[in-house]
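Report on one structure; see the data block that follows.
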Amino acid sequence: MSTDDNAVRADWPLYEVFLRGKRGLNHVHVGSLHAADDEMAVRHARDVYTRRNEGVSIWVVRSNSIVASSPSEKDPYFAPSGDKVYRHPTFYEIPDNVPHM
Numbered sequence: 001m002s003t004d005d006n007a008v009r010a011d012w013p014l015y016e017v018f019l020r021g022k023r024g025l026n027h028v029h030v031g032s033l034h035a036a037d038d039e040m041a042v043r044h045a046r047d048v049y050t051r052r053n054e055g056v057s058i059w060v061v062r063s064n065s066i067v068a069s070s071p072s073e074k075d076p077y078f079a080p081s082g083d084k085v086y087r088h089p090t091f092y093e094i095p096d097n098v099p100h101m
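With this note's numbering, you'll find the sequence shown wraps up at 101, consecutive numbering, no jumps.
Quick look at the structure:
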C-alpha cells in the first residue's frame, strides 16, 4: 500500500457499525470503520463483523451524525419527574364500570 493510498483513506469518514444478532431484538454497537461512502461502509461492515454468520441486520452511521447526551446531563434527562404526578398511573382513578382493570 502506498503512502498516497494511506492519505486518501485518512480522508474517508468514520462510521459506527451496529449489528443485530440472529437471536437479538436490537442492534448493538460492534465497532467502527473508515469507508469512502455509505455503500462501502455496509460492505466493509459485513466483511469485518459478520464473518461467522452471526448477524441478520447491519446499520452503519457516520460518527459525526451521532448526537448524544453528556454524562453530566444525566439528572435532567433521566431523573424521575416527581413534580409531574399526572404522568404516574396512580394519579388517575379508574371508574368502577371499566372492565378488566
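Every residue, glycine too, gets a C-beta built ideally from N, C-alpha and C.
- Note that the region 10 to 20 touches the region 61 to 68; at least 3 beta-carbon pairs, one per stretch, sit closer than 8 Å.
- The C-alpha of residue 35 is placed about 8 Å away from the C-alpha of residue 44.
- For residue 20, the enclosing beta strand (DSSP E) starts and ends at 14 to 21.
- Positions of the beta strand (DSSP E) runs, each at least 3 residues long and wholly inside the region 36 to 97, are given as 55 to 62 in order along the chain.
- Boundaries of the beta strand (DSSP E) around residue 31: 28 to 34.
- A buried status is given to residue 55, since no fewer than 16 other beta-carbon atoms sit within 10 Å of its beta-carbon.
- At least 8 Å separates the beta-carbon of residue 20 from that of residue 70.
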